[in-house]
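Student: Those letters in the sequence shown? Residues 1 to 183, per the UniProt record's numbering, in order. Take a look at the following structure, please.
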Amino acid sequence: MPDLNPAFQAVRLLVPPARFEASKLKVVRLEDEIKKHPSIIPRTYILSHCDFTANLTLTVSNVINLEQLRGWYEKDDVVAEWKKVNNEMCLHVHCFVSGPNPFLNLAAELRYHIFSKEMPLVFKAIQYGDSALFSEHPELLESIVRVYFHSSSKKYNRMECWGSLKDAMEVIQGNAEMSNDLD
């Protein structure tokens, strides 16, 4: 049954389908940090985009670049990190839906649906941008993805399980069953 939510319908109609284009992705590898810890953990990603050019920048590191995240609640950056949960690798993804800015609170529902629609593109950018890691550890494609939507609105402050990374890259918004379980 299709989602009849007005914000979902607006995003579906007004925001073109997300399509990953490698030519629009710039990858910044903070090599000094990566060389300190050559294993999978710690491994972090920050994906930023330019609204005007649709270009993406993926920063790959072993630490979250706090300078890049300054003013996170005013931007559309997505942060991801590998974690071990119950002895299994898991990709935790974070996006900021709304918070201290009252204008973002008004747009929380719209931002939530846009982030949800764009999430498969985020996963593809991570896989492409850190292809050496995925070549060395192809089992990571079977890892569970948990997406954390951070919001001052209880309705949108949630975690969704998107299944395996391989499957999450192919999700079409509205066609996936998401779990809100925090376990």
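Even glycine gets a Cβ: it sits at the ideal position worked out from N, Cα and C.
1. Would you say CYS50 reaches chain D, if we count a Cβ-Cβ gap shorter than 9 angstroms as a contact?
2. In this structure, how does DSSP classify TYR148 when only helix, strand and coil are distinguished?
3. According to DSSP, is SER131 part of a helix, a strand, or is it coil?
4. Buried or exposed, going by whether 16 or more other CB atoms sit within 10 Å of the CB of CYS95?
5. Could you give the residue range of the alpha helix (DSSP H) that holds LEU165?
6. Among the candidates LEU140, SER116, TYR148 and PRO120, whose CA atom is the shortest distance from the CA of ASN157?
7. Less than 9 angstroms between the C-beta atoms of LYS26 and ASN55, yes or no?
8. Whose C-alpha, out of PHE123, LYS166 and GLU170, is nearest the C-alpha of LEU58?
9. Just reading off the beta strand (DSSP E) that TYR156 is part of, what are its end residues?
10. How about VAL85 and ILE64: do their beta carbons lie closer than 9 angstroms?
11. In angstroms, rounded to a whole number, what distance separates the CA positions of LEU165 and ILE126?
12. Could you check if THR53 is buried or exposed, using at least 16 other CB atoms within 10 Å of its CB as the buried criterion?
13. Going straight from the alpha carbon of ALA168 to that of SER143, what length do you get?
14. Between the alpha carbons of SER153 and ASP51, how many angstroms are there, rounded?
15. What three-state label does DSSP hand VAL97 in the structure shown?
Tutor: In this structure, then:
1. Protein chains in the displayed structure number just one, and chain D is not present.
2. strand
3. helix
4. buried
5. 165–168
6. TYR148
7. yes
8. PHE123
9. Neither: TYR156 is in no beta strand (DSSP E) and is coded neither H nor E.
10. no
11. 10 angstroms
12. exposed
13. 10 angstroms
14. 25 angstroms
15. coil
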